[in-house]
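*Asks:* Following this message is one structure expressed as structure tokens.
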């Protein structure tokens with residue numbers, strides 16, 4: 376499978392997860408998994424990062440766990456800037472999750488966030504953020520992408 380096909384498959388599976396939360400037009404226009412992530416994550420051996428399939432399954436679990444407040448805001452037309460599309464790409468410690476913003480409508484698109492036992496949908500603030508996957512790897516794991 377080519378890198379483009381892998382990215383397309385991950386994008387489609389993420390779209391299925393978020394179809395319960397956003398309409399298909401919004402997802403078609405705004406959901407994009409940054410290629411720098413899908414092109415490189417499978418080549419890395421970093422214990423804190425999930426495989427693509429585990430990232431998708433954890434994203435499904437985390438959105439379901441934190442969707443009550445999101446759904447209430449959505450249904451009353453009061454969405455916030457944090458009510459966007461995220462992919463849970465890894466974890467560290469006992470409760471820290473790394474989330475990658477996959478929503479092109481957000482100023483945070485392609486950024487990675489460290490949330491401690493929380494999710495952007497429940498109004499908590501991240502502890503750390505990185506501009507993109509390249510910066511995340513360099514600063515947190517001392518890995519330089521080619």
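In the working numbering, the protein residues as written are 376 to 521. For glycine and all other residues, C-beta sits at the position ideal for the given N, C-alpha and C. Just so you know, these numbers come straight off a predicted model, no measurement behind them.
Note down, in chain order, each residue of its chain lying with its Cβ closer than 8 Å to the Cβ of residue 388, except the 5 sequence neighbours on either side.
*Replies:* Cβ within range, chain order: 431.
*Asks:* Under a three-way DSSP split, which group does residue 489 fall into?
*Replies:* In the structure shown, residue 489 sits in a strand (DSSP, three-state: E or B).
*Asks:* Out of curiosity, what's the CA-to-CA distance linking residue 518 and residue 450?
*Replies:* Distance between the alpha carbons of residue 518 and residue 450: 42 Å.
*Asks:* According to DSSP, is residue 385 part of a helix, a strand, or is it coil?
*Replies:* Three-state result, residue 385: helix.
*Asks:* My output table needs one value for residue 447: the three-state DSSP class, helix, strand or coil.
*Replies:* Of the three classes helix, strand and coil, the one that applies to residue 447 here is helix, per DSSP.
*Asks:* Using 8 Å for Cβ pairs, my map puts residue 472 next to residue 437. What's the rounded Cβ distance?
*Replies:* Confirmed, about 7 Å.
*Asks:* Report the CB separation of residue 467 from residue 414 in whole angstroms; it is logged as a contact under 8 Å.
*Replies:* With a Cβ gap of about 23 Å, residue 467 and residue 414 do not count as contacting.
*Asks:* Taking the runs of the beta strand (DSSP E) that are 3 residues or longer, which of them lie wholly in the region 455-482?
*Replies:* DSSP runs (the beta strand (DSSP E)) wholly in the region 455-482: 461-467 and 471-476.
*Asks:* Given this structure, state the Cα-to-Cα distance separating residue 516 from residue 425, to the nearest angstrom.
*Replies:* Cα to Cα, the separation comes out at about 14 Å.
*Asks:* From which residue to which residue does the alpha helix (DSSP H) around residue 437 run?
*Replies:* Here the alpha helix (DSSP H) through residue 437 covers 427-440.
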